[in-house]
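Report on the following structure.
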């Protein structure tokens, strides 16, 4: 059953999303060359607890950590470790959730480590790989924006899927079929599931008060992801790069409202007559990503 949230519930969810977004910003700042993914995990847990919440992922279906840290060919659910040290040129996905006052929040971003140095005149370690990573991030980001723009009252769930998947395919990439976006609220994963591809005009219609997590996972490779022996980390089938963004979106009569806004990403609020505002990739591709 798809749950429509009350004004009181939306108030709590909005505050949770704000808190989680601020923590994500701290993680993006901290994600730099020489830092371990284990350190990032401890930072995430400390800040969630300090905010009066608890980690949403830790213990969820047996997941052992607070944060998911997926590097390069890892798509999602990479497990943080103290021996995973970030290097210049790494593509790092940060996926984070919290539970507070009876409701969940969930957000993800992907950053290019050391990109701030390159923007300041430094040289990338591998220029060709750097260019590939930047383009993949741009395509994944734009796919998310297309999905958000389609998330309007009266639209079908699959209109979001089609907006994301058709754009990704046009750009020569593929989406991950195994995992999908989802509703969120009193549960971390609620109905509806929101695949990242599919035909339009299928499935339930969107109603005011729904809160959805839209999360395109985009890869260079064709074919489905492969699960590693740890039972969590999903990797691309042929070693290609992958990127992942996730936003919480509230459906309103005035248009989609993005609840997980960051300073680096720019401001995204509903507005009359059209989709969301276009954004820069500044937080991902420049100063705050691994100076």
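In the numbering used here, the protein residues as written are 152 to 442. Even for Gly, the Cβ is constructed at its ideal location relative to N, Cα and C. Predicted model only: the values in this text are computed from it and were never measured.
Distances from the CA of residue 256 to each of 191, 187, 399 and 392 were compared; the closest alpha carbon is that of 399. Here DSSP, grouped into helix, strand and coil, assigns residue 236 to strand.
Counting along the chain, residue 280 sits inside the alpha helix (DSSP H) bounded by residues 278 to 301.
Beta-bridge analysis with DSSP links residue 385 to 227 and 378. Between residue 373 and residue 309, the C-beta spacing is not below 8 Å. Beyond the five residues adjoining it in sequence on each side, residue 226 comes within less than 7 Å, by CB distance, of 327, 368, 370, 376, 385, 386, 387, 393 and 395 in the same chain, given in chain order. Straight-line measurement puts the Cα of residue 321 at about 36 Å from the Cα of residue 232. The Cβ-Cβ distance between residue 262 and residue 243 falls below 8 Å.
By the neighbour-count criterion, in which 16 or more other beta carbons inside 10 Å mark a residue as buried, residue 238 falls on the exposed side. Taking the Cβ atoms as the reference, residue 164 lies roughly 7 Å from residue 336, within the contact range of under 8 Å. Beta-bridge pairing by DSSP links residue 393 to 370. Spatial neighbours of residue 230 in its own chain (CB-CB distance under 7 Å, excluding positions within 5 residues in sequence) are listed in chain order as 215, 216, 381, 383 and 384.
Going by C-alpha positions, residue 401 is about 7 Å away from residue 363.
In this chain, the alpha helix (DSSP H) harbouring residue 199 covers 188 to 201. Of the candidates 210, 340, 234 and 360, the residue whose Cα lies closest to the Cα of residue 305 is 360. Going by C-alpha positions, residue 186 is about 22 Å away from residue 208.
Each residue's CA atom was taken as its position, placing residue 313 and residue 153 some 20 Å apart.
Take the alpha-carbon of residue 311 and the one of residue 349: they are about 9 Å apart. The beta carbon of residue 378 sits closer than 6 Å to those of 385, all from its chain and outside the five residues before and after it, given in chain order. Rounded to whole angstroms, the gap between the alpha carbons of residue 204 and residue 252 is 8 Å. CA-CA distance, residue 397 to residue 279, rounds to 26 Å. Apart from sequence neighbours up to five positions away, the residues of its chain that approach residue 293 with a beta-carbon distance below 7 Å are 318, ordered along the chain. For residue 310, the secondary structure class from DSSP, reduced to helix, strand or coil, is helix. Only buried fits residue 246, as 16 or more other CB atoms lie within 10 angstroms of its CB.
DSSP places residue 256 within a strand segment (E or B) once states are collapsed to three. For the 8 Å CB-CB criterion, residue 298 and residue 365 form a contact. Distance from the CA atom of residue 190 to the CA atom of residue 180, rounded to whole angstroms, is 13 Å.
Distance from the CA of residue 234 to the CA of residue 210, rounded to the nearest whole angstrom, comes to 22 Å.
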